[in-house]
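Chemist:
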Amino acid sequence: AASGASARTLGVPGEDELMGYGLSTCATCDGAFFRGEDMLVVGGGDAAMEEANFLTKFADTVYIAHRREEFRAEDVWIDRTMEKVDDGEIELLLNTELTEIHGTPEDGVDHVTLVEHPDGHPKEKMEDSATAGEVEEYDFDVGAVFFAIGHTPNTEFLEGTGVEFDDDGYLLTEGGRGGNQTDTGVDGLFGAGDVVDFHYQQAVTAAGMGCQAALDADEYLTERERADELYEAEVDAATADD
């Protein structure tokens, strides 16, 4: 099973047209293409903090838009991010949500539309007539946008097969050291790539894990073939005795 994981998106206007043209879900893949631009990272967890810190290598300024007042990331990532905030490399846009991305595939991202509310969840506040007047909506110039709001592993087709998943739906494998690390515990089924790995999520690590799974599968088939040969030999011996 190497079905990967799908990056979560927002479904906002401009998203489909500009994905791959200034809008990305992978900072390590695409960040260098926008060197010298102001960049916007959307999210508030570990992934958003990690991607924002990475993008400071290339960006003029990195902005993080998060719809809440507080981040959900681990303290170590928050601390690293705040150091970059103090240095002026990162700026925070809290209680802020992205509602539209503007640009063209030919010219890339030109700017975005953001909404802000002091109590968070701005889009919900905007849709509520009682609080709509408190929401501030404005355009914001950036040259690239990165969604960092998590991934959904593509494991639906494995439901009911007996395999185990973690709380986020990622496929559990044997792991550890030695052989058979990609074994799922279901006879003949091995897992590799982003359907298992929620941390690295890089093509090269997925390819390496795919090689491991192929070796584990080959060993499994070889052992099964030997078992079949032994069984046939035992049957032949028993028949000959009769």
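The numbering of the sequence shown is the numbering used here, which starts it at 6 and goes up by one.
Each residue gets a CB set at the ideal place from its N, CA and C atoms; glycine is no exception.
No experiment lies behind these values; they were computed from the predicted model shown.
So for Y205, helix, strand or coil by DSSP?
Modeler: Coil at Y205, not helix or strand.
Chemist: Can you tell which of E142, E55, L176 and D188 has its C-alpha closest to the C-alpha of T30?
Modeler: For T30, the closest alpha carbon among the candidates E142, E55, L176 and D188 is that of E55.
Chemist: Please give me, in chain order, every unbroken run of the alpha helix (DSSP H) with length at least 4 that falls completely inside the region 89-146.
Modeler: With a minimum length of 4 residues, the unbroken runs of alpha helix (DSSP H) contained wholly in the region 89-146 fall at 127-132.
Chemist: Might you give, ordered along the chain, the residues of its own chain that have their beta carbon closer than 8 angstroms to the beta carbon of Q217, omitting 5 neighbours on each side?
Modeler: Q186, T187 and A197
Chemist: Quick one, are the C-beta atoms of G113 and G27 less than 7 angstroms apart?
Modeler: yes
Chemist: Take the Cβ of Y68 as the centre, count every other Cβ of all protein chains shown within 10 Å, and call the residue buried at 16 or more, exposed below.
Modeler: buried
Chemist: Could you please give the first and the last residue of the uninterrupted beta strand (DSSP E) stretch that includes L45?
Modeler: M44 to V47
Chemist: From what residue to what residue does the alpha helix (DSSP H) around T157 run?
Modeler: Here T157 belongs to no alpha helix (DSSP H); instead the beta strand (DSSP E) covers H156 to P158.
Chemist: If you draw a straight line from the alpha carbon of D144 to that of D43, how long is it in whole angstroms?
Modeler: So the alpha carbons of these two residues sit roughly 14 angstroms apart.
Chemist: Any idea if H204 is buried or exposed, counting beta-carbon neighbours within 10 angstroms, 16 or more meaning buried?
Modeler: So H204 ends up on the exposed side.
Chemist: When DSSP builds the beta bridges, which residues end up paired with D188?
Modeler: F195
Chemist: Whole alpha helix (DSSP H) runs in the region 7-49 with 4 or more residues, listed along the chain?
Modeler: 20-23 and 32-35
Chemist: Measuring CB atoms only, is the region 116-129 touching the region 145-160, in the sense that at least three cross pairs come out at less than 8 angstroms?
Modeler: Three or more beta-carbon pairs separated by less than 8 angstroms link the region 116-129 to the region 145-160, which places the two stretches in contact.
Chemist: Where do the ends of the beta strand (DSSP E) carrying F151 lie?
Modeler: A149 to F152
Chemist: Reducing DSSP to helix, strand and coil, say where V200 ends up.
Modeler: helix
Chemist: Residue ranges of each beta strand (DSSP E) run of no fewer than 3 residues wholly in the region 161-186, ordered along the chain?
Modeler: Runs of the beta strand (DSSP E) inside the region 161-186: none found.
Chemist: Alpha helix (DSSP H) containing A70: first to last residue?
Modeler: Careful: A70 lies outside any alpha helix (DSSP H), inside the beta strand (DSSP E) at V67 to H71.
Chemist: Identify whether A52 lies in helix, strand or coil by the three-state DSSP scheme.
Modeler: helix
Chemist: With a 10 Å radius around its C-beta and 16 neighbouring C-beta atoms as the bar for buried, classify D177 as buried or exposed.
Modeler: The sequence shown places Leu at residue 177, not Asp. That one is exposed.
Chemist: Measuring CB to CB, does A153 end up less than 7 angstroms from I95?
Modeler: no
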